[in-house]
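For reference, the structure is listed below as structure tokens.
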Amino acid sequence: MKPTDIKDPEYFHKVVDCQYACPAHTPVPEYIRLIVAGRYTDAYMVNWESNVFPGVLGRTCDRPCEPACRRGRVANDEEPVAICRLKRVAADNKDDITERLPPIPKEKNGKRIALIGGGPASLTVARDLMPLGYECVLYDDQERGGGMMRSQIPAFRLPEKVLSEEVNYILDMGVECHFGTWISSMKEMLDKNFDAVFVGTGAPRGRDLPDLPGRKEADDNVHIGIEWLASVAFEHTAKIGKKVIVLGGGNTAMDCCRTARRLGGEEVRVVVRSPFADMKASPWEKDDAIAEDIPILDNHVPQSFEIENGKLKGMTFEKVEAVYDENGKRSLVPTGEEPVFIECDDVLMAIGQENSFTWIEQDIGIEFGKWDMPEVNPVTFQSSLPHVFFGGDAAFGPENIITAVAQGHQAAVSIDLFCNGEDVKNRLAPGVTIMSQKMGVHEWVYDNDISDDDRYAVPHADKATALKNMKIEVELGFDQDQAYKEAMRCLNCDAQTVFADEKCIECDACVDVCPTDCITFTDNAEEADLRQTLSAPSNNNEQDLYVSGTLPTQRVMVKDEDICLHCGLCAERCPTAAWDMKKFLYEVTKAGRG
Amino acid sequence: MSYINPSFRHPNLPVNDIGCTKTDYEGAISTLCAGCGHDSISAAVVQACFEMSIEPHRVAKLSGIGCSSKTPAYFLNQSHGFNSVHGRMPSVATGANMANRDMIYIGVSGDGDTASIGMGQFVHVARRNLNMLYMVENNGCYGLTKGQDSATADIGSKAKGGVENVYAPIDLVNVALELGATFVARSFSGDKKQLVPLIQAALSHQGFAFIDVVSPCVTFNNNPGSTKAYDYVREHAEITGSVDFVPKKDEITADYEPGTSTNITLHDGSALQLHKLAKDFDPQDRRAATRALENAKDHGGILTGLIYIDPDTKDLHNILGTTETPLRDLDQDTLCPGNDALAAINESLR
Ligand SMILES: Cc1cc2nc3c(=O)[nH]c(=O)nc-3n(C[C@H](O)[C@H](O)[C@H](O)COP(=O)(O)OP(=O)(O)OC[C@H]3O[C@@H](n4cnc5c(N)ncnc54)[C@H](O)[C@@H]3O)c2cc1C
Ligand SMILES: Cc1ncc(C[n+]2csc(CCOP(=O)(O)OP(=O)(O)O)c2C)c(N)n1
Ligand code: SF4
Ligand code: SF4
Ligand code: SF4
Ligand SMILES: [Mg+2]
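So the protein sequences, as listed, match chains A and B. For the record, in the first sequence the residue sitting at position 580 is 580 according to this note's numbering, with numbers rising by one throughout. Take any residue in the second sequence, note its place counting from 1, add 594, and you have its number in this note's numbering.
This is the structure in structure tokens:
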């Protein structure tokens, strides 16, 4: 193998598994250390810079970082660090941060940007452009900002106060807001001569089963999940029947069933076509639903709505089983058993969401491609009409808040370049700082003596009380003591092992001391062969091998990044400081930086 | 030294025949200087014992005094150990071995512990052919007492202080050969590929197995001008050949050109395959071994690898005709037959 190019910012970035997996590349270990130090406000600001909604995300994030977390890999029964819920700790314990928000220039730069939709994507664009002197004009059909964070995520998961606080940090920068305003024509919008238009309208249409027998007759008691959740959020709906069927296996289904339990649903069932394990909902969402006495029936395909005296009385389902072909492709094959009838008063349909761009005219230069989705560049978020940009669920279909934020940041970079007459493809490399952590022979700036404890569970409110009131938050959050203990589980993966070929005397001390056998000195070979010769099994090809140049004995140093604990023992043991532990801080380039 | 020892290990570590991973053979975290050759030797012992599926409780670790003699604390935590006074490890090993012949004895000593204060003990344990592995972790100095020249330092070699050693060195390999040791090898802490199979062969050998392991002291004797420094040893090492240790349950599979390799079956049924570099070298010929040593020395080389082995020897128990049973397994009457028996013996000698 060729020597590893550690100057490439992506090499060490990838080693910080959580940060790499986070769409917004939040410097996770950095804020976790600040929580350990009790510096909650600083921890909050590190988050705010990257992900804009730490209080919201600390409760609701889809947390792609956690399955990626190294801690979950270092032993067979280990669980990842509770990265997401630690973010909430920063938000819960911070002081007033208004002083720390970026100043907004009184004198504007003369560029006006339209933001259509007031969800996390648009708000992120505003957050990045307002401090640069742009004028941002936001349109949303809802009465307040936040998009689906407000209309969809139920209050028992996300208190309104937390959401409004973080939405207002941005709106209070002086965003010109037109709430209650549905944009029905893109053409009219373009006629207003904005310098750029950002479309952050989400994926606002819930799927239906229009052709299922009985659908029409049952209409009074059949509700589209996201519409129903919005009407609950805006307090137009306050109750539901005692027996409820929720169709679907995603997170929307989980929110629907748990909301139904709070609005009078006593026998609420989730019925899903796929096997339990294949359900789209996050494992913790499923756990929370089950904990609220909601059974999940898998492998049931809806057949018909059953009507009696013109009124819905239940649904019939066909039982199926999942069969996988050689390529792992799944098909649901009927088992031939009797159809299953389930009685109900109401049905909530949470079977998917779609985009809807009926308000964008076909002839104005915005090209649409497959599935009626706009053609959007995945790096610049520019559409085929150069001054129109898309981001969030509107760009590539329903995702989540953190993706909307990440895309908002990138769209803001593009808009800023575009408005300055520069090529939107001409993006600056990420900011990287790398700093030795050495303080003494075996003292590091970071605390390498990590905790062996199992992952701490976030305490929950008493179930009976929580089920009585839609607005009681179920999760109570970690207290400071629990947060400290959980935070001490973090391995500090941003403390990178950096190897200096010319200093190494090949004494093997690092090889011998490494608790997880990461390091090997061996003859060089191609990667696949090299992986066979390492000290410990090396079968996680997702993780890189760090390879030195040729050393005096004609061997190379090979470090498998996979199970490195970032404990620093290699560097403590090295007599010549050929290893050093260096903190690597990777910052995504934001609009106006550099 | 380091203070922390994380409890995580690689989750997919291989398991040996008795269900242990390498972790089960580890010791406490080392307090030696970073980069000390002795730590690599500890790691080699761990590797060797793991691969041989040795039950840790069957091992006794014995040592004297010195940085080297501290190392039994850093491997085989679950084994027995005795840290004796300076240079007296052989006596303690002899006593232990006489009392319980079923254990595996690993003696760890230093060049000071052996070639200075312990020289008298060393020569006798060698000539008695006590069944043990005797390793000298040879750094040419007294590391623990801050680097004074030891009796294995070469003439003209300079330690950190910069003063040339003026006394003729003792080559412990030569001494061991001279005294009739039945397994003699030399290796280098920085070459585990060679050291691990040598340790395994030594542990399988029924008799006195001596390995002189050159092991640089990074702090006091790893400077230019020292003949025990990493760079110097790498440049001057000359190997008798590469050694493969083949456990009893495996078949010899490596194929070498005829005449270049020798297979030696050991007492416990395992085998040693020596791939020789010098065609005329025969590790079962004591004179040839001495000659090879002298030849290397003539041009400043350090001969490493298996130097001599006599696989069919009588160890001290066999020489003395002691009981097959470890003393702890004998019942009180057999172990201590009483006054009448003693009187009978005395009578027979009158
Ligand atoms: C039930 C449910 C629960 C969810 N839970 C989570 C969760 O826990 N964690 C998570 O990360 N994600 C969750 N999501 C997904 C998340 O809400 C979205 O991915 C995210 O809000 C998308 O942000 P956005 O900025 O792209 O658009 P949105 O948040 O959808 O905002 C778009 C806004 O634009 C408005 N709009 C649309 N068209 C027009 C128009 N023509 N004129 C004016 N205004 C318009 C909409 O009313 C809306 O206010 C959930 C989604 C649902 C449905
Ligand atoms: C009876 C006695 N005399 C002297 C000493 C002091 N002393 C401690 S270690 C040592 C030399 C150790 O040298 P070596 O065996 O080569 O070990 P190293 O530290 O080099 O590994 C000496 C002389 C002692 N501990 N006991
Ligand atoms: S930091 Fe060094 S010693 Fe620790 S696990 Fe990683 S490679 Fe091994
Ligand atoms: S401890 Fe340092 S000098 Fe020794 S092999 Fe490792 S990197 Fe090289
Ligand atoms: S003084 Fe020398 S022998 Fe002792 S631990 Fe340090 S390097 Fe090793
Ligand atoms: Mg010594």
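A virtual CB, placed ideally from N, CA and C, is assigned to each residue, including glycine.
Using the beta-carbon count (16 or more within 10 Å), is residue i buried or exposed?
{"i": "GLU506 of chain A", "result": "buried"}
{"i": "PHE390 of chain A", "result": "buried"}
{"i": "VAL333 of chain A", "result": "exposed"}
{"i": "ASP743 of chain B", "result": "buried"}
{"i": "ALA747 of chain B", "result": "buried"}
{"i": "SER624 of chain B", "result": "buried"}
{"i": "SER451 of chain A", "result": "exposed"}
{"i": "TRP444 of chain A", "result": "buried"}
{"i": "ILE749 of chain B", "result": "exposed"}
{"i": "LYS842 of chain B", "result": "exposed"}
Do you know offhand how far residue i's Cα is from residue j's?
{"i": "LYS106 of chain A", "j": "THR589 of chain A", "result": "24 angstroms"}
{"i": "MET595 of chain B", "j": "LEU626 of chain B", "result": "Per-residue confidence for MET595 of chain B stands at a pLDDT of 45, beneath the threshold of 50, marking its modelled position as unreliable; no derived number is given."}
{"i": "ALA412 of chain A", "j": "GLY146 of chain A", "result": "18 angstroms"}
{"i": "GLU587 of chain A", "j": "HIS25 of chain A", "result": "8 angstroms"}
{"i": "ALA753 of chain B", "j": "VAL74 of chain A", "result": "43 angstroms"}
{"i": "GLN680 of chain B", "j": "CYS65 of chain A", "result": "The residue asked about is misnamed: residue 680 of chain B is His in this sequence, not Gln. If I take the Cα positions, the gap works out to 56 angstroms."}
{"i": "ASN299 of chain A", "j": "GLU343 of chain A", "result": "18 angstroms"}
{"i": "ILE364 of chain A", "j": "ASP220 of chain A", "result": "39 angstroms"}
{"i": "ALA461 of chain A", "j": "ALA260 of chain A", "result": "18 angstroms"}
{"i": "ASP633 of chain B", "j": "ASP512 of chain A", "result": "7 angstroms"}
{"i": "PRO339 of chain A", "j": "VAL320 of chain A", "result": "10 angstroms"}
{"i": "ASN933 of chain B", "j": "LEU943 of chain B", "result": "15 angstroms"}
{"i": "GLU99 of chain A", "j": "LYS740 of chain B", "result": "58 angstroms"}
{"i": "GLY594 of chain A", "j": "ALA667 of chain B", "result": "Confidence in GLY594 of chain A is poor, its pLDDT being 47 and thus under 50, which makes the residue's placement too unreliable to answer from."}
{"i": "TYR139 of chain A", "j": "GLY55 of chain A", "result": "24 angstroms"}
{"i": "PRO27 of chain A", "j": "ASP560 of chain A", "result": "22 angstroms"}
{"i": "GLY756 of chain B", "j": "LYS891 of chain B", "result": "23 angstroms"}
{"i": "LYS192 of chain A", "j": "ASN492 of chain A", "result": "50 angstroms"}
{"i": "GLY72 of chain A", "j": "PRO213 of chain A", "result": "47 angstroms"}
{"i": "ASP208 of chain A", "j": "PHE179 of chain A", "result": "28 angstroms"}
{"i": "LEU771 of chain B", "j": "ASP696 of chain B", "result": "26 angstroms"}
{"i": "ASN420 of chain A", "j": "VAL388 of chain A", "result": "15 angstroms"}
{"i": "PRO684 of chain B", "j": "GLY629 of chain B", "result": "28 angstroms"}
Given that residue i touches chain A, what residues does it touch there, using C-beta distances under 7 angstroms?
{"i": "ASP633 of chain B", "result": "ALA509, ASP512"}
{"i": "ALA628 of chain B", "result": "ALA509, GLU572, ARG573, CYS574, PRO575"}
DSSP puts residue i in a beta bridge; with which residues?
{"i": "TYR139 of chain A", "result": "A:ILE116, A:HIS178"}
{"i": "VAL840 of chain B", "result": "B:ALA865"}
{"i": "HIS223 of chain A", "result": "A:LEU348"}
{"i": "ARG780 of chain B", "result": "B:ASP806, B:GLY899"}
{"i": "GLN19 of chain A", "result": "DSSP lists no partner for GLN19 of chain A."}
{"i": "HIS460 of chain A", "result": "A:GLU475"}
Give me the chain B residues within the contact set of residue i, using Cβ-Cβ distance strictly less than 7 angstroms, ordered along the chain.
{"i": "ALA75 of chain A", "result": "PHE602, PRO605"}
{"i": "THR553 of chain A", "result": "ARG828"}
{"i": "LEU633 of chain A", "result": "The requested residue 633 of chain A is not part of the displayed model; chain A covers only 1 to 594."}
{"i": "ILE505 of chain A", "result": "TYR824"}
{"i": "THR516 of chain A", "result": "PHE602, ARG603, HIS604"}
Which chain B residues sit within Cβ distance under 8 angstroms of residue i?
{"i": "ALA536 of chain A", "result": "HIS604, ASN606, LEU607"}
{"i": "ARG39 of chain A", "result": "In chain order: nothing, as chain B lies at least about 24 angstroms away."}
{"i": "THR497 of chain A", "result": "By Cβ distance, chain B contributes nothing, its closest Cβ being about 14 angstroms from THR497 of chain A, past 8 angstroms."}
{"i": "ILE519 of chain A", "result": "Neighbours of ILE519 of chain A on chain B: none; closest Cβ ~12 angstroms, over 8 angstroms."}
Kindly list, in the order they appear in chain A, the residues whose Cβ is closer than 8 angstroms to that of residue i.
{"i": "VAL639 of chain B", "result": "Near VAL639 of chain B there are no residues of chain A at all, since even the closest Cβ is about 11 angstroms away, more than 8 angstroms."}
{"i": "TYR597 of chain B", "result": "HIS442, ASP449"}
{"i": "VAL812 of chain B", "result": "CYS507, PRO575"}
In chain A, which residues lie with their C-beta within 9 angstroms of the C-beta of residue i?
{"i": "ILE939 of chain B", "result": "Those within 9 angstroms of ILE939 of chain B in chain A number zero; the least Cβ separation is about 53 angstroms."}
Run through chain B and tell me which residues come within less than 9 angstroms of residue i, C-beta to C-beta.
{"i": "ASP452 of chain A", "result": "PRO600, SER601, PHE602"}
{"i": "THR595 of chain A", "result": "Since the first and last residues shown for chain A are 1 and 594, residue 595 of chain A lies out of range."}
The stretch 779-792 of chain B: positions lying closer than 8 angstroms to chain C by Cβ: In the displayed structure, chain C is absent; the protein chains listed are A and B.
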